[in-house]
Amino acid sequence: MNDQIPRLMLNLIGPGTLAVFGAGFLWAWSIEKRRHYLLMLAAACLLFSAGIATQVLSLPPDAGLNALLSNFFYTAAVIMAAGGLLRRAGQRPSPWLGLAILALFMGLIFYFFYVERSLAARIYVQNFGFGAILLGTALRLRSLARGPLMDRVLFWTLLVFSLQFFPRTLLTAPLVRQADPARFGSSPFWLALQFSLSVVGAALALTVLLAALSDLIEDLRRERDMDRLTGVLNRRGFEERSAALLRRAGREPSALILIDLDHFKRINDTYGHQQGDHVLRDIGTLLRHSARRGDLVCRLGGEEFAMLMPGADLEGAQAAAERLRAVIAAHRFPLPALAEPITASFGLAQRRPGEPFAIWFDRADAALYAAKAQGRNRAVPAGL
Numbered sequence: 000m001n002d003q004i005p006r007l008m009l010n011l012i013g014p015g016t017l018a019v020f021g022a023g024f025l026w027a028w029s030i031e032k033r034r035h036y037l038l039m040l041a042a043a044c045l046l047f048s049a050g051i052a053t054q055v056l057s058l059p060p061d062a063g064l065n066a067l068l069s070n071f072f073y074t075a076a077v078i079m080a081a082g083g084l085l086r087r088a089g090q091r092p093s094p095w096l097g098l099a100i101l102a103l104f105m106g107l108i109f110y111f112f113y114v115e116r117s118l119a120a121r122i123y124v125q126n127f128g129f130g131a132i133l134l135g136t137a138l139r140l141r142s143l144a145r146g147p148l149m150d151r152v153l154f155w156t157l158l159v160f161s162l163q164f165f166p167r168t169l170l171t172a173p174l175v176r177q178a179d180p181a182r183f184g185s186s187p188f189w190l191a192l193q194f195s196l197s198v199v200g201a202a203l204a205l206t207v208l209l210a211a212l213s214d215l216i217e218d219l220r221r222e223r224d225m226d227r228l229t230g231v232l233n234r235r236g237f238e239e240r241s242a243a244l245l246r247r248a249g250r251e252p253s254a255l256i257l258i259d260l261d262h263f264k265r266i267n268d269t270y271g272h273q274q275g276d277h278v279l280r281d282i283g284t285l286l287r288h289s290a291r292r293g294d295l296v297c298r299l300g301g302e303e304f305a306m307l308m309p310g311a312d313l314e315g316a317q318a319a320a321e322r323l324r325a326v327i328a329a330h331r332f333p334l335p336a337l338a339e340p341i342t343a344s345f346g347l348a349q350r351r352p353g354e355p356f357a358i359w360f361d362r363a364d365a366a367l368y369a370a371k372a373q374g375r376n377r378a379v380p381a382g383l
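Mapped onto numbering that gives the first Met the number 0, the consecutive letters of the sequence shown carry residue numbers 0 to 383.
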């Protein structure tokens with residue numbers, strides 16, 4: 000009796016830890032309810048915790064029912080964890096496949112308890128099966144290995160966690176066969192197994208939780224730095240990202256294009272600010288679709304926009320500005336048929352070696368004023 004209490008407490012460390020992580024995922028979801036994968040990850044932690052608890056506390060006491068119920072919790076937890084990780088990466092897990100896997104595992108556990116009783120077979124089914132599910136998930140998420148730091152950490156942690164199921168099962172199979180099934184749940188082997196599995200599982204849960212929190216922080220930063228009307232960067236976001244981008248670019252050429260809609264005040268005065276907002280929203284869409292991968296697009300304020308093109312020289316910027324000018328002039332904006340065509344003026348400048356951003360911006364701005372002075376609806380480059 001005296002040694003049962005420490006063993007019980009040791010066994011409850013795992014479910015208690017996972018329950019805490021489950022609460023953490025629920026808290027993260029309460030902050031950003033659009034991220035449904037957080038609910039799936041919370042469910043995974045709580046289900047796995049329930050699975051351990053049913054075996055540790057022998058609830059229900061019938062061995063067969065206990066094996067089936069704990070297997071249901073474990074399998075559902077692994078399926079929910081895999082689905083949550085896939086959803087985080089923008090992939091859609093199949094609910095029918097999940098139900099089929101759950102039914103298969105339940106059938107196998109039923110067979111190896113009631114038809115051909117084998118504790119070792121049940122452990123092989125669960126451990127090899129769970130490892131295969133998580134390994135398949137890791138392979139589907141292999142693109143994370145080339146992503147940001149938190150994604151890379153998550154991928155490798157998931158890969159290690161999924162792979163450990165196989166050697167651990169093979170190494171412990173002889174101990175499983177030698178164990179007394181009636182006392183297996185309280186054996187030192189079982190205690191060590193549950194403790195080690197809980198530690199590795201907690202490491203994965205912590206990594207996933209940190210990745211989820213990183214997602215939330217990135218969302219907040221994106222909302223702070225985005226112009227909600229047009230869907231492009233605001234001035235603050237543009238300046239911060241420009242500084243980082245230029246540091247990475249080093250001595251490579253970069254071009255800056257400033258864009259100003261011609262006679263935009265007439266649109267607001269004639270058709271109202273709501274129509275003017277529609278025009279600005281369309282301009283933001285046109286700029287995003289015209290930008291290259293890696294270009295920065297920004298709304299500086301009012302009807303003024305900017306595009307920073309790393310790796311582009313003055314000739315490339317001139318060609319890009321002329322394409323944009325033609326796209327804007329040809330676009331059908333949501334205005335009455337008799338409304339004047341929407342046009343834009345462009346000022347562009349190539350950055351000089353070591354030139355501060357403010358001076359570079361002023362040269363592009365001077366070129367924009369020159370475009371306005373020369374009659375608008377044109378692109379004027381600043382001299383090098």
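The beta-carbon is built from N, C-alpha and C at its ideal position, and this holds for glycine as well.
Can you tell me the Cα-Cα spacing of residue i and residue j, whole angstroms?
| i | j | result |
| --- | --- | --- |
| residue 148 | residue 217 | 13 Å |
| residue 32 | residue 87 | 13 Å |
| residue 241 | residue 307 | 8 Å |
| residue 302 | residue 382 | 25 Å |
| residue 376 | residue 158 | 55 Å |
| residue 341 | residue 328 | 6 Å |
| residue 243 | residue 103 | 51 Å |
| residue 160 | residue 28 | 24 Å |
| residue 101 | residue 146 | 32 Å |
| residue 153 | residue 138 | 12 Å |
| residue 324 | residue 17 | 57 Å |
| residue 151 | residue 144 | 5 Å |
| residue 332 | residue 358 | 34 Å |
| residue 373 | residue 379 | 9 Å |
| residue 155 | residue 113 | 39 Å |
On a CA-only basis, which of the options is nearest residue i? Give me that one, please.
| i | options | result |
| --- | --- | --- |
| residue 321 | 279, 334, 44 and 370 | 370 |
| residue 268 | 338, 381, 351 and 131 | 338 |
| residue 110 | 131, 155 and 70 | 70 |
| residue 132 | 81, 156 and 170 | 81 |
| residue 278 | 20, 263, 24 and 290 | 263 |
| residue 272 | 247, 228 and 314 | 228 |
| residue 208 | 258, 355, 317 and 83 | 83 |
| residue 335 | 317, 274 and 105 | 274 |
| residue 166 | 281, 256, 252 and 130 | 130 |
Residues in its own chain within less than 8 Å of residue i by CB, not counting five upstream and five downstream?
| i | result |
| --- | --- |
| residue 231 | 225, 283, 286, 287, 296, 297, 298 and 304 |
| residue 46 | 72, 73, 75, 76 and 79 |
| residue 250 | 352 |
To which residues of the same chain is residue i closer than 7 Å at the C-beta, ignoring the five residues directly before and after it?
| i | result |
| --- | --- |
| residue 0 | Only weak support is given to the placement of residue 0: the predicted model assigns it a pLDDT of 47, under 50, and the question is left unresolved by the model. |
| residue 212 | 27 |
| residue 108 | 66, 67, 70, 121 and 124 |
Does residue i come out as helix, strand or coil in the three-state DSSP assignment?
| i | result |
| --- | --- |
| residue 332 | coil |
| residue 57 | coil |
| residue 349 | strand |
| residue 361 | helix |
| residue 258 | strand |
| residue 298 | strand |
| residue 339 | coil |
| residue 381 | coil |
| residue 309 | strand |
| residue 303 | strand |
| residue 93 | coil |
| residue 232 | strand |
| residue 253 | strand |
| residue 344 | strand |
Quick one: is residue i near chain D, going by C-beta distance under 9 Å?
| i | result |
| --- | --- |
| residue 127 | Checking the listed chains, one finds no chain D in this structure; it contains a single protein chain. |
By Cβ distance, which residues of its chain are closer than 6 Å to residue i, with the 5 residues on each side in sequence left out?
| i | result |
| --- | --- |
| residue 168 | 126 |
| residue 59 | 65 |
| residue 311 | 254 |
| residue 24 | 37, 40 and 41 |
| residue 260 | 302 and 343 |
Is there contact between the region 359 to 375 and the region 292 to 300, where contact requires at least three CB pairs shorter than 8 Å? The region 359 to 375, when compared against the region 292 to 300, does not touch it at the 8 Å Cβ threshold.
Does the region 203 to 220 touch the region 29 to 48, meaning 3 or more C-beta pairs lie closer than 8 Å? Counting C-beta pairs closer than 8 Å gives three or more between the region 29 to 48 and the region 203 to 220, which meets the contact rule.
Check whether the region 255 to 273 and the region 224 to 240 touch, using three or more Cβ-Cβ pairs below 8 Å as the test. Touching, no.
Counting Cβ pairs closer than 8 Å, one from the region 44 to 54 and one from the region 70 to 78, do we hit at least three? Segments in contact, yes.
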